[in-house]
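Input: a single structure, listed below in structure tokens.
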Amino acid sequence: MSIKVINIVNHPPAYEGHRGRPRPEINWDTPTGTWVGIWGYEWHDIIGKRVLKTADDIIYEVWQPDLRADKIYEHTFEDGLIHKLFPAKEKKFIHGLKFREDIYSKPIMEHLDKEINKKQALVIHINAGFRYINIPILNKYSDKVPIVGQFYTNSSSIFEIPKTKHPFKLLNAYKKRWELYQYYKKLKYIIPSVKKGTDIFEKKFGAKVFHRDFANFGSQFDEWKRTLAKEEAKKNLNIPADKFILFSSSRLIPIKQIDKMIEVLAHLENKNFICYISGRGTEEYENYLKEIVAKLHLEENIRFIGYVDYDVLQTYFQAADLLISTSAQDAGPAAPFQAAAMETPAFLTATGIAEEFFTKENAGSIVPVDDYKTWIKELNAIISGKKIKIPERKKIIEFGDWKKVASYYYNIYKSLTKP
16 MSIKVINIVN HPPAYEGHRG RPRPEINWDT PTGTWVGIWG YEWHDIIGKR
66 VLKTADDIIY EVWQPDLRAD KIYEHTFEDG LIHKLFPAKE KKFIHGLKFR
116 EDIYSKPIME HLDKEINKKQ ALVIHINAGF RYINIPILNK YSDKVPIVGQ
166 FYTNSSSIFE IPKTKHPFKL LNAYKKRWEL YQYYKKLKYI IPSVKKGTDI
216 FEKKFGAKVF HRDFANFGSQ FDEWKRTLAK EEAKKNLNIP ADKFILFSSS
266 RLIPIKQIDK MIEVLAHLEN KNFICYISGR GTEEYENYLK EIVAKLHLEE
316 NIRFIGYVDY DVLQTYFQAA DLLISTSAQD AGPAAPFQAA AMETPAFLTA
366 TGIAEEFFTK ENAGSIVPVD DYKTWIKELN AIISGKKIKI PERKKIIEFG
416 DWKKVASYYY NIYKSLTKP
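Residue numbers 16 to 434, in the numbering used here, belong to the letters of the sequence shown in order.
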């Protein structure tokens, strides 16, 4: 009997981040004059496609809320993966003592009812983070069908109370933690991002945590291999040969701390550098970052390159003297691994599996997520000639072996649907 997996995305498609670019190949016009589309490379899609390559007894669907959608839009990829877009709305709710706004989809709930009533072997796969869209799913179905939650960010500090004596802030933090406890006691199965901090889910909530000693996402590092000398790569991109080149590659969202990175770069002693920033965010957030650059007079040092084609992106990795990754909370991130595969050293914050792997390999320059003075000191040392170890390619490939990672997900689904 086949197992059906419904992997639910907790955010809408990144239309704003892809503004100015062509529509994805899979797209539809809507009656309101906008359009909806499926790119097919959400992590949920990538996991599903890999699992489908591993097994022939899996039906894999990715369900995504979409603020533009007026009805359910569906596409089946050649490998069998089904991606559906569901109409959704923004919804305000109180978390702690403050209002938050998050996404909710009534049609997703309605269609989950239909799927559960089919009495098939079914697993619901959600983001384990505290999100509004998950609350009704856990409340209604946690005792009816196995729901596995995956952390896409570092979960080790999720229940921490801030060090403050401010009564409102403390009350807000304790109320939030109580709400988190009510949320996580319903989540019985967890795919962690990092090893640290998972014991609370096991000891306090009795959850089953699916531990592993490899990456939570695989990588095709056969496609990530240096083909150009650094000087040649710089020449191909018209990058000055005499500049120290920093490269940042991520989505432009607050959690990535690109604003803090820019402020830190303004304090470097040696200004003979250029930092190329790849990725997109909302127009508002990108403007905010550019305003910081202008305020700090770094126009000659900071270049936003947006999304670039795959081969161009790899050329930037090869042209860089240092990859800089400054996320405050991350399940990965992927960029330090990609840089290492391209034989480029990495400066990274202490979050995610990148930190765990680079620490184990005694490689990279790892700094605290919020100690910006340490960032400045370390970057000054690197630009002045400090050498940073790069992990062995063999170790990187083993850590991100997709066959091993895909089997990990498949075995989880199988174990959750055993009679």
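For each residue, glycine too, the CB sits at the ideal point set by N, CA and C.
Candidates the options, of which the one nearest residue i by Cα
{"i": "Ser171", "options": "Ile148, Gly367 and Asn142", "result": "Gly367"}
{"i": "Trp43", "options": "Asp81, Asp257 and Ile403", "result": "Asp81"}
{"i": "Gln135", "options": "Tyr387, Ser17, Phe288 and Pro360", "result": "Ser17"}
{"i": "Ala365", "options": "Val209, His110 and Pro39", "result": "Val209"}
{"i": "Lys218", "options": "Asn231, Phe232, Tyr199 and Gln235", "result": "Tyr199"}
{"i": "Phe108", "options": "Arg38, Leu280 and Tyr147", "result": "Tyr147"}
{"i": "Trp58", "options": "Glu40, Trp78 and Ile320", "result": "Trp78"}
{"i": "Tyr88", "options": "Pro122, Arg115 and Glu371", "result": "Pro122"}
{"i": "Ile53", "options": "Thr47, Pro37 and Pro28", "result": "Pro28"}
{"i": "Ala346", "options": "Phe232, Ile61, His181 and Glu76", "result": "Phe232"}
{"i": "Arg408", "options": "Ile277, Gln235, Asp274 and Lys433", "result": "Gln235"}
{"i": "Glu278", "options": "Gly400, Tyr300 and Tyr387", "result": "Tyr387"}
{"i": "Arg34", "options": "Thr179, Tyr322, Glu76 and Glu238", "result": "Tyr322"}
{"i": "Gly196", "options": "Arg65, Phe145 and Phe183", "result": "A small fix is needed here, since residue 196 is Tyr in this sequence, not Gly. Of the listed residues, the one whose Cα sits closest to Tyr196 is Phe145."}
{"i": "Gly212", "options": "Lys392, Leu185 and Asn169", "result": "Asn169"}
{"i": "Asp385", "options": "Arg65, Gln272 and Ser430", "result": "Gln272"}
Supposed close pair residue i, residue j - CB separation, criterion 8 Å
{"i": "Leu267", "j": "Leu394", "result": "In fact, because the Cβ distance is near 20 Å, the residues do not count as touching under 8 Å."}
{"i": "Tyr119", "j": "Asn142", "result": "Not really, about 14 Å apart at Cβ, beyond 8 Å."}
{"i": "Leu112", "j": "Lys190", "result": "6 Å"}
{"i": "Asn287", "j": "Lys258", "result": "6 Å"}
{"i": "Ile205", "j": "Phe216", "result": "5 Å"}
{"i": "Leu67", "j": "Gly95", "result": "5 Å"}
{"i": "Ile270", "j": "Ala188", "result": "About 19 Å separates the two Cβ atoms, so there is no contact after all."}
{"i": "Asn149", "j": "Asn25", "result": "7 Å"}
{"i": "Ala70", "j": "Tyr425", "result": "5 Å"}
{"i": "Leu328", "j": "Ser264", "result": "7 Å"}
Own chain partners of residue i with C-beta closer than 7 Å, once the 5 adjacent residues on each side are dropped
{"i": "Pro296", "result": "Checking the sequence shown, residue 296 turns out to be Gly, not Pro. So the qualifying residues of the chain are Gly32, Arg266, Leu267 and Ile268."}
{"i": "Glu14", "result": "Nothing in the structure corresponds to residue 14, since the chain is present only between 16 and 434."}
{"i": "Glu314", "result": "Val308"}
{"i": "Gln353", "result": "Trp239 and Phe332"}
{"i": "Lys401", "result": "none"}
{"i": "Pro39", "result": "Gly52, Ile53 and Trp54"}
{"i": "Asp60", "result": "Val77, Leu96 and His98"}
{"i": "Leu275", "result": "Residue identity check: residue 275 is Lys in the sequence provided, not Leu. Excluding positions up to five away in sequence, the list reads Thr341 and Tyr387."}
Proximity below 8 Å, CB of residue i to CB of residue j
{"i": "Ala378", "j": "Pro406", "result": "yes"}
{"i": "Lys19", "j": "Leu137", "result": "yes"}
{"i": "Ile21", "j": "His140", "result": "yes"}
{"i": "Leu280", "j": "Asn302", "result": "no"}
{"i": "Lys330", "j": "Leu252", "result": "The displayed chain sequence assigns Thr, not Lys, to residue 330. The answer is yes: Cβ separation under 8 Å."}
{"i": "Phe220", "j": "Arg192", "result": "no"}
{"i": "Glu116", "j": "Lys106", "result": "yes"}
{"i": "Lys223", "j": "Lys245", "result": "no"}
{"i": "Lys86", "j": "Ile131", "result": "no"}
{"i": "Pro161", "j": "Thr432", "result": "yes"}
{"i": "Leu41", "j": "Gly55", "result": "For the sequence presented, residue 41 should be read as Ile rather than Leu. A contact, by the Cβ cut-off of 8 Å."}
{"i": "Glu194", "j": "His110", "result": "yes"}
{"i": "Leu185", "j": "Thr179", "result": "yes"}
Contacting residues, own chain, Cβ-Cβ under 8 Å from residue i (five flanking each side not counted)
{"i": "Phe229", "result": "Glu413, Phe414, Gly415, Asp416, Lys419, Val420 and Tyr423"}
{"i": "Ala84", "result": "Thr45, Val51, Leu100, Phe101, Pro102 and Ala103"}
{"i": "Pro351", "result": "Leu338, Ser340, Ala361, Leu363, Ala369, Phe373 and Gly379"}
{"i": "Arg318", "result": "Ile289, Cys290, Tyr291 and Ile292"}
{"i": "Met124", "result": "Pro151, Ile152 and Lys155"}
{"i": "Tyr227", "result": "Reading off the sequence, residue 227 comes out as Arg, not Tyr. Taken in chain order, the residues that qualify are Tyr423."}
Contact with chain C by residue i, beta-carbon distance below 8 Å
{"i": "Trp58", "result": "Checking the listed chains, one finds no chain C in this structure; it contains a single protein chain."}
Residues near residue i by beta carbon distance below 6 Å, same chain, minus five either side
{"i": "Lys201", "result": "Leu153 and Ser157"}
{"i": "Lys249", "result": "Ala256 and Ala334"}
{"i": "Ile320", "result": "Tyr291 and Ser293"}
{"i": "Ala355", "result": "Ile405, Pro406 and Ile411"}
{"i": "Tyr428", "result": "Ile18, Val20 and Val138"}
{"i": "Ile74", "result": "Ser17 and Lys19"}
{"i": "Gly164", "result": "Ile141, Ala143, Leu202 and Ile205"}
{"i": "Leu311", "result": "Ala281"}
{"i": "Thr49", "result": "Arg83"}
{"i": "Trp390", "result": "Val279 and Val382"}
{"i": "Ile129", "result": "First, the residue type needs correcting, since residue 129 is Lys and not Ile in the sequence shown. Here the set comprises nothing."}
{"i": "Asp336", "result": "Phe259 and Ile260"}
{"i": "Glu403", "result": "The question names Glu, but residue 403 is Ile in the sequence shown. Closer than 6 Å at the Cβ level, and outside the excluded window around Ile403, lie Pro360 and Ser380."}
Taking only runs that begin and end inside the segment 204-279, name each unbroken beta strand (DSSP E) of 3 or more residues, in chain order.
204-206 and 259-264
Taking only runs of the beta strand (DSSP E) that begin and end inside the segment 132-217, which ones reach a length of at least 3 residues, in chain order?
136-142, 162-165 and 204-206
Restricting to runs no shorter than 3 residues, where is the beta strand (DSSP E) found entirely within the segment 324-390?
337-340, 361-364 and 380-382
Output the residue ranges of the alpha helix (DSSP H) runs that lie fully inside the segment 19-80 and measure 4 residues or longer, sorted by chain position.
58-69
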